[in-house]
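Chemist: Here it is, the structure, as structure tokens.
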Amino acid sequence: MRFTVTPNAVIEPGTPLSVNHFRVGDFVDVQARTIGHGFQGVVKRWGMKGGPASHGVTKSHRRMGSMGGGGDKGGVWKGKKMPGHMGNAWRILRGVKILRINTKYNIMYVHGPRLPGPYHCYIRVYDTILPLKKKQFLDKPPVMPTWYPEDTTEEQKEEEIFDKDLFQFKDDTVVYEDTAKS
């Protein structure tokens, strides 16, 4: 986690950071390294079609074809999609909503598409920088610079904290009402 703080709010090195800094319903940015695939050809890396499978084609089924034209602008242009290293790059997923927090195991559940990176990898979680999602911080700012156990509120004493829009699995899914009138 990374936060911008003033010099008087700097925490001591070695202070454990907790998921209690965040609140359910807040928006965060998540950063991680994508899955590394090594050196890949153009078919896997860029999704190119490749050459024909038969009719006299030899050794160029998964090749990219022409790299560039001749003449006045001859040569390979910058940014040409070619074979090379694929993956293992930092990616940021912005504006992800926190749906649930488990304070016992220090776990945060977020809503959004697939987070970058392989399973069980380290990720960086930031307060979001998106301006429309950041408006809620003006009304009620989060705990800064981090959460300390002595600052526990009644809401944070719960083991599981759910978003109000998330279905509570303890509730009934189907409710039958008696519509017969006597």
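First residue of the sequence shown? That's 43 in my numbering, and the numbers climb one at a time after it.
Cβ atoms here follow ideal geometry from the backbone N, Cα and C, with glycine treated the same way.
Given the structure is predicted, the values throughout are model-derived calculations rather than measurements.
Can you tell me which of the three DSSP states E63 falls into?
Modeler: Along the sequence shown, read from residue 1 onward, the residue named residue 63 stands at position 21. The residue you asked about is not Glu; residue 63 is His in the sequence shown. Reduced to three states, the DSSP call for H63 is helix.
Chemist: Sort out for me which residues DSSP pairs W132 with in a bridge.
Modeler: Start at 1 with the first residue of the sequence shown, and residue 132 comes out as number 90. DSSP, once it has assigned bridges, lists R75 as partnering W132.
Chemist: Looking at the secondary structure, which residues open and close the alpha helix (DSSP H) in which R156 lies?
Modeler: The sequence position of residue 156 within the sequence shown is 114, counting from 1. First-last for R156: undefined, no H or E at that position.
Chemist: Enumerate in chain order the residues of its own chain whose CB-to-CB distance from D68 is below 6 Å, with the five nearest sequence positions on each side excluded.
Modeler: One-based indexing of the sequence shown puts residue 68 at position 26. Correct list, in chain order: I140.
Chemist: Rounding to the nearest angstrom, what Cα-Cα distance links H153 and V138 in this structure?
Modeler: Against the sequence shown, residue 153 aligns to sequence position 111. Against the sequence shown, residue 138 aligns to sequence position 96. One C-alpha to the other measures close to 6 Å.
Chemist: Determine, using beta carbons only, whether H63 and W189 come nearer to each other than 7 Å.
Modeler: In the sequence shown, counting from the first residue as 1, residue 63 sits at position 21. In the sequence shown, counting from the first residue as 1, residue 189 sits at position 147. Result yes, Cβ atoms of H63 and W189 sit closer than 7 Å.
Chemist: What's the call for I77, buried or exposed, on a 16-neighbour Cβ count within 10 Å?
Modeler: Residue numbering aside, residue 77 sits at position 35 when the sequence shown is read from its first letter. By the 10 Å Cβ count, I77 comes out exposed.
Chemist: Please report the residue range of the alpha helix (DSSP H) in which R87 lies.
Modeler: Indexing the sequence shown from 1 puts residue 87 at position 45. V84 to W88 is the span of the alpha helix (DSSP H), which, as asked, contains R87.
Chemist: Leaving aside the five residues before and after D205 along the sequence, list all residues of the same chain whose C-beta is less than 6 Å from its C-beta, in chain order.
Modeler: Numbered from 1 along the sequence shown, position 163 holds the residue referred to as residue 205. Counting only Cβ-Cβ distances below 6 Å, and skipping sequence neighbours, we find V66, G67 and L141.
Chemist: Could you say if the segment 103 to 115 and the segment 199 to 215 meet the contact criterion of at least three C-beta pairs nearer than 8 Å?
Modeler: Too few Cβ pairs lie closer than 8 Å, so no.
Chemist: What first and last residue would you give for the beta strand (DSSP E) that runs through V167?
Modeler: For the purposes of this step, residue 167 is identified with residue 125 of the sequence shown, where counting begins at 1. R166 to D169 is the span of the beta strand (DSSP E), which, as asked, contains V167.
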